[in-house]
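In the working numbering, the protein residues as written are 1247 to 1660. C-beta: ideal position from N, C-alpha, C; glycine also. Before any comments, here is the structure.
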């Protein structure tokens, strides 16, 4: 088997120090302004003072417990005071059999103190839920704004150290609360093909103040001909009816139906609940997560801003050195016979020699053998070091074992 190695050139980080150093002065300044502006934006967007104002955790468990309590109370009211009145209608064929069945259901609730007390409690609960629903919407908008902002920076500046925020992440701060439309649990007195009870939520419902008598619709083609029949007769309507199934149970989900809630109780329930069936209550993004995003983003942008500041400082220093005259010196030391130190300084050579002599481990003081002023002394120093690199004792030190006159004459010639 022959193995082949394929060379894939490494992609250079556009934010590396080397890449930034190659940018022009104007491009570097543009990046600097962008980083400074983005850092200010992050500080503002992730201001803890702003976050604190948004902290308003929704008491989801408390609401859920109250929701269950109200459902149980309503089940008790349904059992004791709600009555369902069902009538079956059909038209007659030429031979006197029934066809085109239709069900009319009127649902009533007895009015008493227990029912009135429930309505007051239910109203108070819904008002509280709607208040938290408003807060929830504000929290959701806040969370979404954080997600969009963080993801936009990640995409724009290729920030791999920060994880993207996805919609499912925000679900961690979201709780589903359902069952506000308590009428969903009202039974219709009908069953489906499996014998399961049917509820108001299974059908379309209208509210009326009083019981509905469709037979009064004399101008209606169907109801002007329809007659009331028994449930047994209704179940035996010919096989063209979609609700007719084999066996005793019929699937009344598919039967033509008119369902009405009647009276003030249902009118009040509808008004209170505003037909809200469920809410998704969102808490604000967690504090530690919020601050983590801030810290990671600031770490990213501050690191590159520091790089640019260092590059600018280095360039200014080089420009200053190139414009000003500084001293290139040759020092000797009694401890190093025939060895000379070659360097440059912006101070006087004697001051630099005295500074070096004070360092720990220096037995004898350095003496100035020779010095000369140069424009861009650092560049001249490097040129000398390169010229006599074979005489250099260590690449990390500026000491050369060389003939003194040869060294001085070369420097004089520059």
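Taking the straight line between their C-alpha atoms, what separation do you get for residue 1353 and residue 1311?
28 Å
Distance between residue 1519 and residue 1279 (C-alpha atoms, nearest Å):
54 Å
For residue 1645, which of helix, strand or coil comes out of DSSP?
strand
To the nearest angstrom, report how far apart residue 1632 and residue 1588 are at their CA atoms.
12 Å
Helix, strand or coil for residue 1350 per DSSP?
strand
Flag this pair as yes or no: are the beta carbons of residue 1576 and residue 1599 separated by less than 8 Å?
no
Pick from 1582, 1620, 1616: whose alpha carbon is nearest that of residue 1609?
1582
8 Å Cβ cutoff, residue 1303 in contact with chain C:
Any reference to chain C falls outside this structure, which holds one protein chain only.
Closest by CA to residue 1273, which one among 1659, 1340, 1527, 1558?
1558
Under 8 Å between C-beta atoms of residue 1364 and residue 1411
no
Using a 10 Å radius around the Cβ and a threshold of 16 neighbouring Cβ atoms, would you call residue 1668 buried or exposed?
The first residue shown for the chain is 1247 and the last is 1660, placing residue 1668 beyond what the model contains.
Cβ contact check for the segment 1279–1293 and the segment 1538–1551: 3 or more pairs under 8 Å
yes
One question on the structure: do residue 1269 and residue 1553 come within less than 8 Å of each other, judged by their Cβ atoms?
no
Please say whether residue 1306 and residue 1475 have beta carbons closer to each other than 8 Å?
no
What three-state label does DSSP hand residue 1575 in the structure shown?
strand
CB of residue 1547 within 8 Å of CB of residue 1281, strictly:
yes
Would you check if the distance between the CB atom of residue 1444 and the CB atom of residue 1515 is smaller than 8 Å?
no
So, with DSSP's three-state summary, where would you put residue 1612?
strand
Best match in 1618, 1481, 1612 for proximity to residue 1657 [C-alpha to C-alpha]:
1618
Considering just the uninterrupted stretch of the beta strand (DSSP E) at residue 1200, what are its terminal residues?
The requested residue 1200 does not occur in the structure, where the chain is confined to residues 1247 to 1660.
Which residues does DSSP list as the beta-bridge partners of residue 1474?
1335
Is there contact between the segment 1313–1321 and the segment 1463–1473, where contact requires at least three CB pairs shorter than 8 Å?
no
So, is residue 1481 buried or exposed, given that buried needs 16 or more other C-beta atoms within 10 angstroms?
buried
How far does the alpha helix (DSSP H) with residue 1294 in it reach, from first residue to last?
1294–1300
Is the segment 1498–1505 close to the segment 1361–1377, with three or more CB pairs under 8 Å?
no
Compute the beta-carbon to beta-carbon distance between residue 1647 and residue 1637, rounded to the nearest angstrom, for a pair I have assumed lies under 8 Å.
6 Å
Can you give me the Cβ contacts of residue 1435 inside the same chain, cut-off strictly under 6 Å, excluding the 5 residues immediately before and after it?
1330, 1332
Leaving out five residues on either side along the sequence, give the residues of the same chain with a beta carbon under 8 Å from the beta carbon of residue 1512.
1353, 1355, 1429, 1453
Which listed residue (1287, 1328, 1300, 1585) has its alpha carbon closest to that of residue 1506:
1328
Start-end ranges of the alpha helix (DSSP H) lying completely within the segment 1504–1562, minimum 4 residues:
1510–1519
Under three-state DSSP, which class holds residue 1606?
coil
Neighbourhood of residue 1345 by C-beta distance below 7 Å, restricted to the same chain and skipping five residues each side:
1336, 1337, 1339, 1483, 1484
Beta-carbon proximity list for residue 1386, same chain, < 7 Å, skipping 5 on both sides:
1528
Which residue wins for smallest C-alpha separation from residue 1380, given the options 1342, 1304, 1348?
1304
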